[in-house]
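Structure first, commentary second.
Protein chains: 2
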Amino acid sequence: MFFKLIHTDKSTKARAGLIQTDHGTIETPIFMPVGTQATVKTLSPRDLDEIQTQIILSNTYHLFLRPGQDLIEEFGGLHRFMSWNKPILTDSGGYQVFSLQELRKLDENGVHFQSHLDGSRHTFTPKSVFETQRKLGSDIMMVLDECAPYPADEAYVDKSNDLTLRWAEIARNLYETTQPLYGHRQWLFGIVQGGTFLPIREKSARALIEMDFPGYAIGGLAVGEPQETMMEMTDFCTDLLPESKPRYLMGVGKPHDILEAIERGVDMFDCVIPTRNARNGTVFTFKGKMVLKAARFKNDRQPIDSDCRCYTCTNFSRGYLRHLYNADEILGLHLATLHNVHFYLQLVKEARNAILNNRYAEWKTKIISSITKDILN
Amino acid sequence: MFFKLIHTDKSTKARAGLIQTDHGTIETPIFMPVGTQATVKTLSPRDLDEIQTQIILSNTYHLFLRPGQDLIEEFGGLHRFMSWNKPILTDSGGYQVFSLQELRKLDENGVHFQSHLDGSRHTFTPKSVFETQRKLGSDIMMVLDECAPYPADEAYVDKSNDLTLRWAEIARNLYETTQPLYGHRQWLFGIVQGGTFLPIREKSARALIEMDFPGYAIGGLAVGEPQETMMEMTDFCTDLLPESKPRYLMGVGKPHDILEAIERGVDMFDCVIPTRNARNGTVFTFKGKMVLKAARFKNDRQPIDSDCRCYTCTNFSRGYLRHLYNADEILGLHLATLHNVHFYLQLVKEARNAILNNRYAEWKTKIISSITKDILN
Chain A
1 MFFKLIHTDK
11 STKARAGLIQ
21 TDHGTIETPI
31 FMPVGTQATV
41 KTLSPRDLDE
51 IQTQIILSNT
61 YHLFLRPGQD
71 LIEEFGGLHR
81 FMSWNKPILT
91 DSGGYQVFSL
101 QELRKLDENG
111 VHFQSHLDGS
121 RHTFTPKSVF
131 ETQRKLGSDI
141 MMVLDECAPY
151 PADEAYVDKS
161 NDLTLRWAEI
171 ARNLYETTQP
181 LYGHRQWLFG
191 IVQGGTFLPI
201 REKSARALIE
211 MDFPGYAIGG
221 LAVGEPQETM
231 MEMTDFCTDL
241 LPESKPRYLM
251 GVGKPHDILE
261 AIERGVDMFD
271 CVIPTRNARN
281 GTVFTFKGKM
291 VLKAARFKND
301 RQPIDSDCRC
311 YTCTNFSRGY
321 LRHLYNADEI
331 LGLHLATLHN
341 VHFYLQLVKE
351 ARNAILNNRY
361 AEWKTKIISS
371 ITKDILN
Chain F
1 MFFKLIHTDK
11 STKARAGLIQ
21 TDHGTIETPI
31 FMPVGTQATV
41 KTLSPRDLDE
51 IQTQIILSNT
61 YHLFLRPGQD
71 LIEEFGGLHR
81 FMSWNKPILT
91 DSGGYQVFSL
101 QELRKLDENG
111 VHFQSHLDGS
121 RHTFTPKSVF
131 ETQRKLGSDI
141 MMVLDECAPY
151 PADEAYVDKS
161 NDLTLRWAEI
171 ARNLYETTQP
181 LYGHRQWLFG
191 IVQGGTFLPI
201 REKSARALIE
211 MDFPGYAIGG
221 LAVGEPQETM
231 MEMTDFCTDL
241 LPESKPRYLM
251 GVGKPHDILE
261 AIERGVDMFD
271 CVIPTRNARN
281 GTVFTFKGKM
291 VLKAARFKND
301 RQPIDSDCRC
311 YTCTNFSRGY
321 LRHLYNADEI
331 LGLHLATLHN
341 VHFYLQLVKE
351 ARNAILNNRY
361 AEWKTKIISS
371 ITKDILN
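Protein sequences, first through last, are from chains A and F.
When we follow this note's numbering, the leftmost residue of the first sequence carries the number 1, and every step to the right adds one.
When we follow this note's numbering, the leftmost residue of the second sequence carries the number 1, and every step to the right adds one.
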């Protein structure tokens, strides 16, 4: 069985489950660190292992352009190329391509775009991105979708979603009629679109459920809409989606967004925030967040969080980390990233424990009030 | 005993010894990775431990400017600040200051300079840099010296060396009359100067030997002179220096320079080459060196060196590393640095074994012919 629902919290929709892949079992809810270019920035596979990373996400668009799908196939797939033997989810590349704005053009067949690297022209179709993901050999593949911008009018979103559904059908058929290349199984997720319009969300979800995907993503959120809207849409979608399939809220998010979405029945998350913010000097803890570069931490001999067990917190002070940022030393980026990803993984792990103990809502309220604070000393 | 000479090779001057500090014993000959700003670039202390780093070097000039000696004192010294509990050698800052050229002015008392960071004005004196190194708490401290440029005329070098000797005397007296700040012992090295002039080298060595330092550095080399000249000066100095004291050839060097100097009786080395070249994409192996960025390695599934046991070589291919450089990913800099420093440490370790087995010259000739090759496939 691909997904096993272990337990649902007594008073919320929050779920604990297991996703079983040929590269290992993932305990949900889970956060997937983002390894855009076949590396989670500044972290080695053994670093990821150490902080108990269970699955990473990598970006088809970026890998397609560099180093290229054929090169990765030559190396025996993405796992071998990057020396990561746990699960990998790849997105379809659609989100990145649609972000190109002026550099892309959409039609029924797919999306034509120019590389952000060298302006070279390429086309993604539902079939091509599926085949690229076969070559990458990710454990979980995503269908090509159009992620409508926010705000967008209802007619546009409806038409866009219809196209996404036609593309999903193509990918679903290919999934049925093709085989993985490297001897391990791959699973395909459909993506619920529909912007902020409940009727379109419903149409999208029902059509995808009909196609019977191994899992479902909720897409088109975290693109600028208010958090309340994001949660309303998420809540609506998880009510429609089957209990027996994993649910993945794409591109989310801040720690408190993740906790709110878990409460609404989401199982999987990815976001660049822990890695990107670490490189900018912002770190998260269960006691709040802090900007390590701030002058106030110059003489601070405390670790980022004295209760944190990560390598960074058990060995280095805020003052030393601030010095590393100040001196443009790469070690600072590495140590802060290690801490932040560790924090995200601990957060979902504790969430899972709270679910298993039927006290999710209470735990969530307490944790959100503390993680959203600003640590000043 | 601070230094213990274990064995001298039967047919060369190459020596195996032990340097005993309160942070651990160092097996010589040894290479010291450079941690300019309280971090060996891209490597954490546990990375350094893993590749069996026995001592690192850090730069007084850089630490003096940022984060400042008083801050490091507040943190309990450099070991604690950077979480490195093995030996540290600090230079005097002199070399960096004299490299500032237009921004510095020398007189009898010391050297006045402007920070390369913000133009602020400072003075280093023999006393001030000694006191700074007390605050840093390095296991091995260096006296302030003037490193004469190459080429320089004999009169200038002679005068410069006389000043260096007067400064050495001041430092030697302070060493006798002051105490370490953190409960562990610190040792002070004199620096033999004299440019490429044997009579001045001799005067310098004899005067410093008279002052009875715990160890001696050979300075003013690796500043542009031919390798042959560097080795001639080194050979001359080690003939003069006492057998019972460790000898450190400052700023050297390329792998084959180190092996030549070991043959001439040098025990300690430091250089930015393994770390800096790694960041530029050049890696060293016992089979030769290679530029990882080269297009020829695009599809190369071999590790940098299939016989190397470092984390990089046991997990990653040249093709993957090339991709990381190409994509400006920090992980590439880290993995190549880890490999290069590991290589330098293995090189001196094997040199030590060859000395202990009385086959240094033979081993050196064989190794130099292979490490200086260019690996093309």
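Glycine is no exception: its CB is placed at the ideal position from the N, C-alpha and C atoms.
Contact list for residue i against chain F, beta-carbon separation under 7 Å
i: Met82(A); result: Tyr320
i: Gln37(A); result: Ala327, Glu329
i: Ser138(A); result: Under the 7 Å cutoff, chain F gives no residues; its nearest Cβ is about 17 Å from Ser138(A).
Minimum C-alpha distance to residue i - residue among the options
i: Tyr150(A); options: Gly219(A), Ile72(A), Tyr182(A); result: Gly219(A)
i: Leu174(A); options: Gly195(A), Asp162(A), Ser128(A); result: Ser128(A)
i: Arg15(A); options: Thr36(A), Ile355(A), Lys364(A), Ile368(A); result: Ile355(A)
i: Pro242(A); options: Ile200(A), Gly190(A), Lys373(A), Met290(A); result: Gly190(A)
i: Tyr325(F); options: Leu338(F), Leu292(F), Ile304(F); result: Leu292(F)
i: Phe284(A); options: Lys373(A), Arg121(A), His122(A), Gly76(A); result: Lys373(A)
i: Lys86(A); options: Thr25(A), Ala38(A), Gly110(A), Arg121(A); result: Thr25(A)
i: Arg46(F); options: Ile330(F), Glu263(F), Met82(F); result: Met82(F)
i: Ala295(A); options: Thr21(F), Pro67(F), Val223(F), Thr39(F); result: Pro67(F)
i: Ile330(A); options: Thr21(F), Thr42(F), Phe2(F); result: Thr42(F)
i: Ser369(A); options: Lys287(A), Ala152(A), Val272(A), Leu376(A); result: Lys287(A)
i: Ile304(A); options: Leu376(A), Glu350(A), Glu102(A); result: Leu376(A)
i: Phe124(A); options: Lys349(A), Gln96(A), Ile140(A); result: Gln96(A)
i: Leu65(F); options: Arg264(F), Ile6(F), Ser115(F); result: Ser115(F)
i: Tyr311(A); options: Ala327(A), Asn340(A), Met290(A), Asp300(A); result: Asn340(A)
i: Ala168(F); options: Phe297(F), Met1(F), Ile209(F); result: Ile209(F)
i: Thr132(A); options: Lys159(A), Leu188(A), Ile19(A); result: Leu188(A)
i: Leu48(A); options: Trp84(A), Asp145(A), Glu154(A); result: Trp84(A)
i: Met142(A); options: Asp91(A), Phe98(A), Asp107(A); result: Asp91(A)
i: Gly253(A); options: Gly119(A), Val272(A), Asn315(A), Phe113(A); result: Val272(A)
Assigned exposure category for residue i - 16 Cβ within 10 Å defines buried
i: Arg247(A); result: buried
i: Leu117(A); result: exposed
i: Gln186(F); result: buried
i: Gln193(F); result: buried
i: Glu260(A); result: buried
i: Tyr216(F); result: buried
i: Glu362(F); result: exposed
i: Glu228(F); result: exposed
i: Met268(A); result: buried
i: Asp22(F); result: exposed
i: Thr198(A); result: The identity of residue 198(A) in the sequence shown is Leu, whereas the question assumes Thr. Leu198(A) comes out exposed.
i: Ile6(F); result: exposed
i: Thr365(F); result: exposed
i: Glu263(A); result: buried
i: Asn280(A); result: exposed
Under 9 Å from the C-beta of residue i: neighbouring residues of chain A
i: Leu333(F); result: Ile330
i: Leu48(F); result: By Cβ distance, chain A contributes nothing, its closest Cβ being about 11 Å from Leu48(F), past 9 Å.
i: Lys41(F); result: Glu329, Ile330, Leu331
i: Glu73(F); result: Going along chain A, no residue has its Cβ under 9 Å from Glu73(F), so there is no contact; the nearest lies around 11 Å.
i: Ser120(F); result: Correct list: empty, because the minimum Cβ distance to chain A is about 15 Å.
i: Ser58(F); result: Per Cβ cutoff of 9 Å: no residues; Ser58(F) is ~12 Å from chain A at best.
7 Å Cβ cut-off: residues of chain A touching residue i
i: Lys349(F); result: Result: empty, since nearest Cβ-Cβ is about 23 Å, beyond 7 Å.
i: Glu232(F); result: Ordered by position in chain A, no residue passes the 7 Å Cβ test against Glu232(F), which lies about 38 Å from the chain.
i: Phe316(F); result: Ser83
i: Ser306(F); result: Result: empty, since nearest Cβ-Cβ is about 15 Å, beyond 7 Å.
i: Arg301(F); result: Phe75
Assumed close pair residue i, residue j - CB separation to whole angstroms, cut-off 8 Å
i: Ile51(A); j: His334(A); result: Between His334(A) and Ile51(A) the Cβ distance is about 12 Å, and since that is not below 8 Å, they are no contact.
i: Leu63(F); j: Leu136(F); result: 6 Å
i: Lys121(A); j: Pro180(A); result: Note on residue identity: the sequence assigns Arg, not Lys, to residue 121(A). Actually they are not in contact, since the Cβ atoms of Arg121(A) and Pro180(A) sit about 29 Å apart, beyond 8 Å.
i: Cys237(A); j: Arg201(A); result: 6 Å
i: Gly77(F); j: Tyr182(F); result: 5 Å
Residue i: contacting residues in chain F (beta-carbon distance under 9 Å)
i: Pro67(A); result: Lys298, Gly319, Tyr320, Arg322, His323, Asn326, Ala327
Boundaries (first-last residue) of the alpha helix (DSSP H) holding residue i
i: Glu50(A); result: 45 to 50
i: His256(F); result: 255 to 263
First and last residue of the uninterrupted beta strand (DSSP E) at residue i
i: Pro33(F); result: 30 to 33
i: Trp381(A); result: Because chain A is modelled from 1 through 377, residue 381(A) falls outside the range shown and cannot be assessed.
i: Leu57(F); result: 56 to 58
i: Met268(A); result: 268 to 270
i: Val283(A); result: 282 to 285
i: Gln446(A); result: Shown here, chain A extends from 1 to 377; a query on residue 446(A) therefore has no answer.
Contact list for residue i against chain A, beta-carbon separation under 8 Å
i: Ser115(F); result: Result: empty, since nearest Cβ-Cβ is about 13 Å, beyond 8 Å.
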